[in-house]
Amino acid sequence: MDADLSLLSTSDWNTLLVQIAVMDNVSDAKKILWTKTRCPSIALAFFHSFCREKKYRELEELFSLVLEDGPAIHFLVYIGYLKAAGKDKKTILDGYEFAVATCRCYDVGDVWVEYIRFVTCESIFEEQEAERRMDYLRTLYSRGLSAPHSQTERVWRACCDAGFEGEMEGAYRQGKELAQRQERMYFDRLIVPSAEQSSEARRRGVGLESIQSEEAVHAKEGGKKTQEGVSRAYESVLNTFVFWEDLYLKFSRFLVEERRVEDAEAALRRGVEMLPGEKAVFLRWVYLMERSGKGEEAVCEIEKRIGMCGVFECLSAVRRVRGAEEAVPAFEKMKGHASSSDYFQAGKLFYNSLQRPDRGYRAFEEGMKRFTTDSEYFCSVVRFLYDKGASGDALLFLESLIENTEKRHVQQAWDAAIENERDFFGDSISAGLLEERKMKRETGRKYPLHEQPSEPREAEKERRGASEDVLGSIIDLAKCVPDIVAETIVRMPLFCDLEEPTDTGFLIDRIMKYR
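For the sequence shown, the numbering used here assigns the number 18 to the initial residue and increments by one for each residue that follows.
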């Protein structure tokens with residue numbers, strides 16, 4: 018079994034981990050997280066599962082386990098949990114303070130940006146406390162600029178928009194220098210050669226050093242001359258390493274920060290030519306084309322690569338460039354390439370942006386007929402319809418599913434409907450009524466729901482034992498295989514369904530107590 022599990026892909030690992038997370042045993046989740054704390058996708062898979070199952074105490078236990086040395090995404094998820102739970106603003110501010118004081122990752126800049134946005138957008142202070150609010154913002158900007166992180170430029174732009182640039186220029190220069198030093202340390206750990214690394218890696222390290230040296234001069238002196246020096250350093254390294262994806266992205270970010278959007282677009286165009294299969298470089302290039310006023314050209318390019326980018330990326334580009342009304346005919350042309358997720362996102366778009374519930378429902382129904390075995394798609398659609406207040410449409414969708422789905426797949430979808438019925442419809446419809454409607458369709462189910470024969474205890478024990486064997490093998494493997502780098506971040510819920518979460522006084526005090 019160990020040999021087979023060692024060949025699992027990222028998606029297979031995430032599937033197994035989610036299955037383990039719903040085994041109603043938080044200790045199983047802890048065993049995995051202790052061995053894989055550097056894998057955000059694994060922690061997010063557990064967060065997603067426990068939130069979906071409304072296991073709030075288990076969710077908080079996992080937060081207390083991974084927050085202290087986790088990446089910024091864990092802290093942002095935790096703060097989102099505090100907001101969704103309806104806690105007071107002082108507690109949310111304490112959460113932000115805990116995050117920026119505890120997170121040691123370079124991407125803590127994302128937390129600083131969200132912290133500043135929260136303070137500036139929310140009415141934290143009363144109208145008569147305007148002076149106190151300005152002092153709080155002044156202190157917050159100073160701290161955000163002085164701390165080394167990946168979003169120093171975004172914090173500086175927000176500071177300038179608020180009118181503090183004169184006071185904060187010194188803190189900005191200090192913070193930028195510290196951020197560059199920390200970024201250099203990060204790249205050193207990632208790329209700078211050891212005895213076992215190849216000569217190419219060593220040459221890449223030398224190239225990065227030359228770029229960082231020019232950036233340090235530019236940060237200190239400023240001006241067009243030093244800016245050109247940084248550009249030449251990037252171009253020189255890219256002429257040698259033409260397939261270096263991350264450097265194309267980094268070069269484009271530098272050019273955008275210097276207000277040279279057209280030059281950034283040209284650099285990424287070259288990256289797309291050298292790396293035609295790299296989605297990140299391509300999407301960044303398309304985005305900059307839109308910013309440069311070349312929207313139609315951007316849409317044409319993304320339509321050519323619909324297989325790589327996905328239908329929804331293309332549909333979003335059409336909506337931004339041509340308007341929301343053009344999204345409907347565009348989806349009709351593209352839906353041959355669409356996945357179940359694309360159908361769901363398109364239906365949401367038609368409901369929300371176009372105010373076309375009929376067209377949105379049609380997209381949902383077409384997806385249901387095409388992906389008859391995808392129970393996750395089915396549950397997502399019904400949840401969305403219920404959240405929009407369209408419980409009648411949700412019921413119609415259930416009936417349509419029963420009428421049109423292949424008989425051998427109705428069982429799985431129907432079980433999901435009954436299991437989630439109370440969450441979907443509240444008291445407006447009973448499981449018995451749904452069951453009666455379903456039985457009238459003669460879908461081949463032999464027993465009504467309440468008369469289903471129970472599973473023999475021996476079979477249940479055997480199934481549980483097999484699950485524990487798989488769990489043990491995964492825990493053993495987790496100690497020796499490399500960290501899993503997720504190809505896509507596990508889809509997180511919006512925490513909009515947190516009704517009466519457990520009040521445990523939040524985890525800040527608990528974590529600080531046991532540090």
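Positions of the beta carbon are idealized from the N, C-alpha and C atoms, including for glycine.
Keep in mind the model is a prediction, meaning the values are calculated, not measured.
| query | result |
| --- | --- |
| Same chain only: Cβ atoms within 8 angstroms of residue 360, ignoring 5 sequence neighbours per side | 352, 380, 381, 383, 384, 387, 388 and 394 |
| Contact set for residue 185: own chain, Cβ-Cβ below 7 angstroms, skip 5 residues either direction | 158, 159, 162 and 176 |
| Spatially closest choice to residue 136 from 116, 308, 127 and 106, by CA coordinates | 106 |
| Rounded straight-line distance, which links the Cα of residue 227 to that of residue 14 | Absent from the model: residue 14. The displayed extent of the chain is 18 to 532, so no value can be given. |
| Proximity below 8 angstroms, CB of residue 556 to CB of residue 169 | Coverage of the chain is limited to positions 18 through 532, which leaves residue 556 absent and any answer about it impossible. |
| Cα-Cα separation between residue 411 and residue 311, rounded to whole angstroms | 40 angstroms |
| Span of the alpha helix (DSSP H) around residue 150 | 147-163 |
| Top-ranked residue by Cα proximity to residue 91, from 147, 128, 334 and 111 | 128 |
| Opening and closing residue of the alpha helix (DSSP H) in which residue 374 lies | 374-387 |
| Under 8 angstroms between C-beta atoms of residue 313 and residue 345 | no |
| Terminal residues of the alpha helix (DSSP H) in which residue 110 lies | 106-119 |
| Straight-line Cα distance separating residue 280 from residue 272 | 7 angstroms |
| Rounded separation between residue 244 and residue 350 - CA only | 45 angstroms |
| Cβ shell of residue 26 (< 6 angstroms), same chain only, five flanking positions each side left out | Its pLDDT being 45, under 50, residue 26 is placed unreliably by the model, and the measurement read from it follows with that caveat. Result list for residue 26: empty, nothing under 6 angstroms. |
| Collapsed DSSP secondary structure at residue 241 in the structure displayed | helix |
| Same chain, Cβ closer than 6 angstroms to residue 402, neighbours up to 5 away in sequence not counted | 410 and 411 |
| Sub-8 angstroms separation of residue 132 and residue 113 beta-carbons | yes |
| Residue 301 and residue 255 closer than 8 angstroms at C-beta | no |
| Status (buried if at least 16 other CB within 10 Å, exposed otherwise) for residue 115 | buried |
| Range of the contiguous alpha helix (DSSP H) that encloses residue 268 | 262-274 |
| Span separating the alpha-carbon of residue 328 from that of residue 287 | 24 angstroms |
| Cβ pair residue 309, residue 274 closer than 8 angstroms | no |
| Residue 334 and residue 363 closer than 8 angstroms at C-beta | no |
| Given residue 156 as reference, the closest of 171, 188 and 369 once Cα atoms are compared | 188 |
| Residue environment, residue 373, which counts as buried when at least 16 other CB atoms sit within 10 Å | buried |
| Span separating the alpha-carbon of residue 336 from that of residue 342 | 8 angstroms |
| Cβ-Cβ distance between residue 354 and residue 323 below 8 angstroms | yes |
| Pick from 277, 179, 260 and 173 that is closest to residue 290, judged by C-alpha positions | 260 |
| Residue 293, DSSP secondary structure in three states | coil |
| First through last residue of the alpha helix (DSSP H) which encompasses residue 338 | 328-339 |
| Of the residues 150, 331 and 270, the one placed nearest residue 305, counting alpha carbons only | 270 |
| Cβ-based burial, residue 238 [other Cβ within 10 Å; buried from 16] | exposed |
| Under 8 angstroms between C-beta atoms of residue 258 and residue 294 | no |
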